[in-house]
Amino acid sequence: MTVKLTSFGGCSCVTGSMHLLDLSDEMGYPMKILLDAGSFQGLNAGEKNSCLPAELNPMDINYILISHAHLDHIGRLPLLVSRGFHGKIICTSATRDISFILMDNMVKIQNSDSDFERDKDIGPISEKNIEMTKRLFVPIRKEYGKLASSDEKFVVTFINAEHIAGSASIYIEKPIKLLYTGDLGGSRSSLHKIPVPPKGGIDYLIVESTYGNRLIGKSDSMVLVNAINDIKENRGRLLIPILAIDRAEEILALLKSLNVEETVYLDSPMALDVLSIYTANSFVKLTEKFNRVQIKNRNLNADQVYYSFRPKNFIEVSKNTKLVPNCIILSSSGMLEGGRILKYLPGILEYPNNIILFTSYLGKGTLGRRILDGEVKVEASVRKMDGISSHADKNDIIEYISKFSYLPKMVFIVHGELDASENLKKEIEGLFGISTIIPEYNVEYELPNVNVNESERRRVVTSTKSTKNKGEGIVDDFDDGMSVIEHKDFTPRRR
Ligand SMILES: [Zn+2]
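Quick note: the sequence shown uses my numbering, first residue 18, plus one each step.
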């Protein structure tokens with residue numbers, strides 16, 4: 018009796034996360050589950066996002082469990098639906114809401130007349146296709162919770178992964194104990210906390226490795242403070258490229274915590290839509306780092322939470338908005354590779370009293386990276402603020418594993434470039450002595466369900482060399498804000 022795991026993306030790369038779990042042997046009837054259905058970015062992405070391997074028949078998949086609403090985790094849902102998937106897409110309600118915004122945006126981009134907006138990498142999608150995909154979404158009823166099939170042979174819990182609003186690690190408790198982390202968050206966001214693994218322990222772990230070989234530095238908000246002071250002195254403008262999901266909210270919360278006097282413009286329809294999802298989900302809260310806007314109680318109403326994100330003089334940019342001097346503009350895309358931010362570049366970059374402040378990763382060859390590296394000469398001051406991240410770094414991941422109540426039998430390392438995955442593999446094997454696999458694309462791995470006594474399981478005793486941040490290690494915090502519900506959304510489908 019074995020469970021089989023096959024990856025169709027997100028293996029030795031950071032995009033296209035999609036992992037097939039075949040639970041049929043254990044369940045006694047056909048049961049195939051997809052963990053995420055992300056699209057590829059980068060080399061040959063258009064081609065990869067347009068077809069599926071013969072071994073993956075969407076009509077055979079019963080459920081798709083989604084960890085979070087980033088395109089590299091949901092972008093191939095419309096493709097799967099167009100190829101016959103008609104099961105349920107299960108996720109948290111915030112993930113559903115943000116996924117809808119992203120999918121609407123996919124259609125908008127494909128129908129756009131503007132060259133910088135259209136994206137050939139998305140693959141073929143249509144409005145009808147998106148509508149059909151949306152109809153299959155079944156959000157779990159509360160923020161995070163437990164679901165079971167009616168025969169209770171399959172039980173899964175969504176646990177807060179603290180990556181973006183609604184993000185979850187997927188903990189399959191039956192028929193085997195398996196945790197798929199999705200993307201894990203870390204301690205470098207004022208909006209999220211340090212994620213905590215399930216208390217029950219697991220036999221198999223599928224862990225992300227985006228930062229499997231890197232550490233993220235401490236956030237330095239003084240860079241932002243200095244930039245604001247400088248534009249005040251020089252009557253300049255500060256342009257901050259943002260990511261529409263999470264980074265916009267993070268920067269707004271920071272600006273509010275700094276009590277800025279300047280007018281703050283947010284020009285990104287998608288960021289505004291996502292902001293409304295963040296504000297409607299009261300589980301998003303700010304940590305102690307920003308005391309002035311700290312939200313202690315998760316049961317705040319939406320208005321209070323919304324207010325917490327908005328600095329004074331917050332303005333949503335519309336067609337007729339005229340920018341005042343001495344202002345802060347937030348717009349996307351973060352790497353200046355498209356989006357509304359392009360229209361601000363001439364007015365900002367050509368004047369020495371202005372500042373462009375990058376806060377996110379800038380890929381090689383992107384306009385943002387070339388400006389930062391000085392390859393593109395500009396008059397404005399070019400600055401970078403490091404340390405804001407919605408991702409866990411290498412030490413955070415090791416720390417996360419060290420919190421398991423017993424060590425998993427096997428670890429699959431996914432969602433990382435090969436050198437990042439290989440480095441994490443080495444660290445996990447060295448520190449914990451667990452056998453680890455970096456799965457190859459479209460190769461089936463067997464996960465035998467060996468019944469081991471709880472007492473026989475090796476407990477985690479390793480003391481990691483990870484850098485500990487203040488406040489880390491609060492395992493008891495697990496239940497905070499977690500509303501565990503039992504309901505039976507999974508009905509076995511017999512063919
Ligand atoms: Zn993500």
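Each residue gets a CB set at the ideal place from its N, CA and C atoms; glycine is no exception.
Coil, strand or helix - residue i by DSSP
{"i": "Lys313", "result": "Unreliable placement is indicated for Lys313, whose pLDDT of 38 sits below 50; no coordinate value is reported for it."}
{"i": "Asp534", "result": "An answer regarding residue 534 cannot be provided, because it is not within the stretch 18 to 512 covered by the chain."}
{"i": "Ser41", "result": "helix"}
{"i": "Gly27", "result": "coil"}
{"i": "Pro156", "result": "strand"}
{"i": "Glu305", "result": "Residue confidence for Glu305 is low, a pLDDT of 37 falling below 50, so the modelled location carries little weight and cannot support an answer."}
{"i": "Thr296", "result": "helix"}
{"i": "Ala165", "result": "strand"}
{"i": "Phe326", "result": "helix"}
{"i": "Asn246", "result": "helix"}
{"i": "Ser186", "result": "strand"}
{"i": "Ile332", "result": "strand"}
{"i": "Leu241", "result": "helix"}
{"i": "Lys125", "result": "helix"}
{"i": "Tyr417", "result": "helix"}
{"i": "Phe102", "result": "coil"}
{"i": "His90", "result": "helix"}
{"i": "Glu527", "result": "What is shown of the chain runs 18 to 512, which leaves residue 527 out entirely."}
{"i": "Ile491", "result": "Residue confidence for Ile491 is low, a pLDDT of 21 falling below 50, so the modelled location carries little weight; the figure read from the coordinates is stated next. It is coil, neither helix nor strand."}
{"i": "Ile176", "result": "strand"}
{"i": "Phe9", "result": "Not covered by the structure: residue 9. The range shown for the chain is 18 to 512."}
{"i": "Phe429", "result": "strand"}
{"i": "Ser34", "result": "coil"}
{"i": "Tyr228", "result": "coil"}
{"i": "Ser274", "result": "helix"}
{"i": "Ile211", "result": "coil"}
{"i": "Ile223", "result": "strand"}
{"i": "Ile118", "result": "helix"}
{"i": "Thr453", "result": "strand"}
{"i": "Leu441", "result": "helix"}
{"i": "Leu52", "result": "strand"}
Beta-bridge pairing of residue i - partner residues as DSSP gives them
{"i": "Pro258", "result": "Ser348"}
{"i": "Glu463", "result": "Lys21"}
{"i": "Asp284", "result": "Ser348"}
{"i": "Arg400", "result": "Leu374"}
{"i": "Lys191", "result": "Val172"}
{"i": "Cys68", "result": "Cys68 pairs with nothing; no bridge assigned."}
{"i": "Ile81", "result": "Leu51 and Ile106"}
Selected residue, minimal CA-CA separation from residue i, among the options
{"i": "Ser24", "options": "Leu73, Leu435, Asn251 and Gly59", "result": "Leu73"}
{"i": "Gly534", "options": "Gly162, Phe154 and Lys216", "result": "Any answer about residue 534 is impossible in this case: the structure gives the chain only from 18 up to 512."}
{"i": "Pro141", "options": "Arg113, Asp114 and Leu97", "result": "Leu97"}
{"i": "Ile268", "options": "Val242, Lys249 and Pro363", "result": "Val242"}
{"i": "Gly63", "options": "Ile91, Leu22, Pro70 and Ile139", "result": "Ile139"}
{"i": "Lys191", "options": "Leu164, Ala182 and Glu179", "result": "Leu164"}
{"i": "Leu94", "options": "Leu60, Val334, His36 and Leu40", "result": "His36"}
{"i": "Met352", "options": "Pro363, Ile259 and Ser422", "result": "Ile259"}
{"i": "Val433", "options": "Ser29, Thr19, Val20 and Met18", "result": "It is worth fixing the name first, because residue 433 is Gly in this sequence and not Val. Checking every option, the nearest Cα to that of Gly433 belongs to Ser29."}
{"i": "Ile147", "options": "Arg158, Glu169, Asn128 and Met120", "result": "Met120"}
{"i": "Arg152", "options": "Ile262, Asp263, Ile107 and Ile373", "result": "Ile107"}
{"i": "Asp436", "options": "Ile294, Gly385, Thr227 and Lys336", "result": "Thr227"}
{"i": "Gly199", "options": "Ser116, Leu82 and Gly218", "result": "Leu82"}
{"i": "Asp168", "options": "Leu448, Met48, Ile373 and Ala244", "result": "Met48"}
{"i": "Leu283", "options": "Ile157, Val334 and Val240", "result": "Val334"}
{"i": "Tyr161", "options": "Lys170, Tyr188 and Ser143", "result": "Tyr188"}
Assigned exposure category for residue i - 16 Cβ within 10 Å defines buried
{"i": "Tyr378", "result": "exposed"}
{"i": "Gly101", "result": "exposed"}
{"i": "Thr338", "result": "exposed"}
{"i": "Leu52", "result": "buried"}
{"i": "Gly45", "result": "exposed"}
{"i": "Ile502", "result": "For Ile502, the predicted model reports a pLDDT of 32, less than 50, meaning its position is unreliable; a value from the coordinates is still stated below. Ile502 should be labelled exposed."}
{"i": "Ser406", "result": "buried"}
{"i": "Glu225", "result": "buried"}
{"i": "Cys68", "result": "exposed"}
{"i": "Gly71", "result": "Note that residue 71 corresponds to Ala in the displayed sequence, not to Gly. The residue is exposed, with fewer than 16 neighbouring Cβ atoms inside 10 Å."}
{"i": "Met287", "result": "buried"}
{"i": "Lys60", "result": "Per the sequence presented here, residue 60 reads as Leu, with Lys not at that position. Leu60 comes out exposed."}
{"i": "Asp390", "result": "exposed"}
{"i": "Asn246", "result": "exposed"}
{"i": "Met18", "result": "exposed"}
{"i": "Leu271", "result": "buried"}
{"i": "Lys336", "result": "exposed"}
Anticipated Cβ contact below 8 Å, residue i with residue j, distance rounded
{"i": "Asp403", "j": "Gly234", "result": "5 Å"}
{"i": "Pro425", "j": "Leu255", "result": "46 Å between Cβ atoms; not a contact."}
{"i": "Pro524", "j": "Ala409", "result": "Outside the displayed span of the chain (18 to 512) sits residue 524, for which this structure offers no information."}
{"i": "Val281", "j": "Ile345", "result": "5 Å"}
{"i": "Pro212", "j": "Tyr417", "result": "7 Å"}
Closer than 7 Å: residue i CB and nearest ligand 3 heavy atom
{"i": "His36", "result": "The model depicted lacks ligand 3 and carries ligand 1 instead."}
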